[in-house]
Amino acid sequence: MIKLNTDHAFLNEDIASYQGQVNELHDAIMNKTAKGNDFLGWVDWCNNYDKDEFARIRKDAAYVRENCEVFLVCGIGGSYLGARAAIEMINGLYGKDKYKPEIIFCGNTFSSTYTKQVLDYIADKEVMINVISKSGTTTETSLAFRLFKQFIEKKYGKDEAKKRIIATTDGTKGTLFDLATKEGYTKYVIPNDIGGRFSVITPVGLLPIAVAGIDIDALMQGVTDAFNDFDTADLSKNPAYAYAVARRILQNQGKNVEMFITYDLQTTMLAEWWKQLFGESEGKNGKGIFPAAGTFSTDLHSMGQFVQDGLKIVFETLVLFKNPTEDVIFPEDADNLDNMNYLAGKSLDWVNKMAMQGTLEAHEVEGNVPNLLIEVEDMSSHSFGYLVYFFFRAVAMSVLMLDENPFDQPGVEVYKKNMFRLLGKK
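Using this note's numbering, you'd call the opening residue of the sequence shown number 734 and step up by one each time.
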């Protein structure tokens, strides 16, 4: 389902030489004894998730689609990035389900302009909201939710508002749990043993994804297939672990920046999700590879120069989707005033792939930039589920190889402490 190609990576060590370390860490992951083992619930989630809750997600998603024009998803970080990545990758940016209902993400910024414009935009529309927070105290989300909650209550009255607000939160405690219980909102549970950046395969991601009209059964089948395929420590058979090892080898060669590259605009948010997954998991105690991203060929016109000729600290991870969601044949023009007839009859996907091949050759051969290639079949819901689980396994192995905990993020508490002091929070 996923193929890893390291032929363009200039690795100066054999991936197989790390087999012993990978064997130990694989056992620790599967036995749930690795560092951060309290948050290893994602490993076998595909076998253990609540099937009744899953069925309820499908039912509630259908209700949402029938009863609103705008569905607000109120959350930040892992509480929205995975869902948005899935919706855009699978449906495309202007796909047939974009406005059935329109999904707007909020609660991920303090921007006054963005928030006010969303409030103005939804003023005369039928609205529902899914607020997502484990604790209910995430500042950006809590601030936005109060605004949108009051908007919905004023528009519909408190009784109807209860039917239009869905809370995804802790199953037994917390500010949002208490509020949702008191108000009688529909609730979904964020598992205690799955962290935010791994939560797209839980109700956190699945409800918004289902509202977007996406087949969540196929998505979870992709996760299940990946679980089965990657249930081995053998580096010759597990591309997720091989990718993790290749990253460590490249960092040992002085490549401290990884650029996640795709050639499809609908995967830009997939890259943003990947950045959080690897950035929060790996950046600890002065260690880690800095995760950057580019959507080519667009970003070749901004970052291409640096990658080609700049400081040699970068390696690229190119995610190539074999089959596009849709395609267009370039037409012939009788006058040919734009001199573009040499592409007449060619598909835009073919043009895109030739741009990819030419860029790969330029960066590898002339730029001496290592490239790791990850080949995915398509941008279907099944492939999305498979791909995110691939990266779950890869990041866990990659960080454990650094002897760090992949599942915490202590560094973010520093800015929060300063922010709360400046805001006057007691």
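C-beta: ideal position from N, C-alpha, C; glycine also. Quick caveat: nothing in here was measured; it's all calculated off a predicted structure.
In this structure, does DSSP put residue i in helix, strand or coil?
{"i": "F1153", "result": "helix"}
{"i": "N1174", "result": "Outside the modelled stretch of the chain, which goes from 734 to 1159, sits residue 1174, for which no answer is possible."}
{"i": "I927", "result": "coil"}
{"i": "E802", "result": "coil"}
{"i": "N764", "result": "coil"}
{"i": "M1130", "result": "helix"}
{"i": "L952", "result": "helix"}
{"i": "E835", "result": "strand"}
{"i": "Y782", "result": "coil"}
{"i": "E1108", "result": "strand"}
{"i": "A945", "result": "coil"}
{"i": "T901", "result": "strand"}
{"i": "T908", "result": "helix"}
{"i": "K920", "result": "strand"}
Here's a check: name, in chain order, each residue in its chain whose Cβ is nearer than 7 Å to the Cβ of residue i, leaving out the five neighbours to either side.
{"i": "F838", "result": "V806, Y813 and R817"}
{"i": "E1110", "result": "M734, K1055, N1056 and S1116"}
{"i": "I836", "result": "F804, V806, I820, P941, V944 and A945"}
{"i": "G987", "result": "I1046"}
{"i": "K833", "result": "R798 and G946"}
{"i": "A979", "result": "T739, A742, L744, I748 and L1105"}
{"i": "D926", "result": "D771, F772, L773 and G774"}
{"i": "G938", "result": "G815, A816, A819 and S932"}
{"i": "H1096", "result": "V1040, Q1041, E1049, V1102 and N1104"}
Just how far apart, CA to CA, sit residue i and residue j?
{"i": "G904", "j": "P924", "result": "8 Å"}
{"i": "F1123", "j": "N781", "result": "18 Å"}
{"i": "Y1148", "j": "D1068", "result": "60 Å"}
{"i": "D747", "j": "E799", "result": "55 Å"}
{"i": "C801", "j": "I898", "result": "12 Å"}
{"i": "L1106", "j": "Q1090", "result": "11 Å"}
{"i": "G732", "j": "N738", "result": "Since the first residue of the chain shown is 734 and the last is 1159, residue 732 is not available in this structure."}
{"i": "A1026", "j": "A945", "result": "25 Å"}
{"i": "E1015", "j": "V755", "result": "17 Å"}
{"i": "V933", "j": "G811", "result": "7 Å"}
{"i": "P941", "j": "I862", "result": "10 Å"}
{"i": "T1031", "j": "T995", "result": "10 Å"}
{"i": "E1099", "j": "D997", "result": "24 Å"}
{"i": "R879", "j": "L1053", "result": "41 Å"}
{"i": "A1127", "j": "H1034", "result": "30 Å"}
{"i": "D1071", "j": "G869", "result": "56 Å"}
{"i": "A975", "j": "R1154", "result": "44 Å"}
{"i": "T1058", "j": "T1001", "result": "15 Å"}
{"i": "F1140", "j": "P1064", "result": "51 Å"}
{"i": "T1092", "j": "A913", "result": "51 Å"}
{"i": "G774", "j": "I855", "result": "37 Å"}
{"i": "G1144", "j": "A1088", "result": "39 Å"}
{"i": "I1161", "j": "Q850", "result": "The question about residue 1161 has no answer here: the residues shown for the chain are numbered 734 through 1159."}
{"i": "A894", "j": "K882", "result": "8 Å"}
{"i": "G955", "j": "L983", "result": "29 Å"}
{"i": "Y1119", "j": "G907", "result": "32 Å"}
{"i": "D853", "j": "K1158", "result": "29 Å"}
{"i": "D958", "j": "D777", "result": "11 Å"}
{"i": "C779", "j": "M953", "result": "7 Å"}
{"i": "L909", "j": "A973", "result": "36 Å"}
{"i": "I1022", "j": "A761", "result": "23 Å"}
Please work out which residues of its chain come closer than 6 Å, Cβ to Cβ, to residue i, disregarding the five sequence neighbours upstream and downstream, and give them in chain order.
{"i": "S1080", "result": "D1060 and I1062"}
{"i": "L1135", "result": "K1020"}
{"i": "R981", "result": "M1134"}
{"i": "I947", "result": "I823 and S1114"}
{"i": "V922", "result": "G904"}
{"i": "K1017", "result": "E1137"}
{"i": "V864", "result": "C807, F878 and A900"}
{"i": "Y751", "result": "V978"}
{"i": "W1007", "result": "F993"}
Is the beta carbon of residue i within less than 7 Å of some heavy atom of the ligand COA?
{"i": "I885", "result": "Questions concerning the ligand COA fall outside what the structure shown contains, since it holds no ligand whatsoever."}
I'd like to know whether the C-beta of residue i is nearer than 8 Å to at least one C-beta of chain D.
{"i": "K858", "result": "Protein chains in the displayed structure number just one, and chain D is not present."}
Among the residues of its own chain, which have a CB less than 8 Å from the CB of residue i, if the five just before and after it don't count?
{"i": "D1066", "result": "M1073, N1074 and A1077"}
{"i": "V1084", "result": "F1063 and L1076"}
{"i": "L876", "result": "G840 and F843"}
{"i": "M992", "result": "A1025, A1026, G1027, M1036, V1040, V1047, F1048, E1049 and T1050"}
{"i": "A936", "result": "Note on residue identity: the sequence assigns Pro, not Ala, to residue 936. Cβ neighbours of P936 beyond the five flanking positions: E786, I790, T901, Y921, V922 and I923."}
Would you mind listing the beta strand (DSSP E) stretches within the stretch 968–1007 that are 3+ residues and don't spill past its ends, in chain order? 990–995
Residue ranges of each alpha helix (DSSP H) run of no fewer than 4 residues wholly in the stretch 1004–1090, ordered along the chain? 1037–1042
What are the complete beta strand (DSSP E) segments, minimum 3 residues, inside the stretch 838–874? 860–865
Under 8 Å: do the stretch 999–1017 and the stretch 1129–1142 share three or more Cβ pairs, one atom per stretch? yes
Does the pairing of the stretch 762–782 with the stretch 902–920 give three or more beta-carbon distances under 8 Å? no
Flag this pair as touching only if the stretch 964–971 and the stretch 818–826 have three or more C-beta atom pairs under 8 Å; answer yes or no. no
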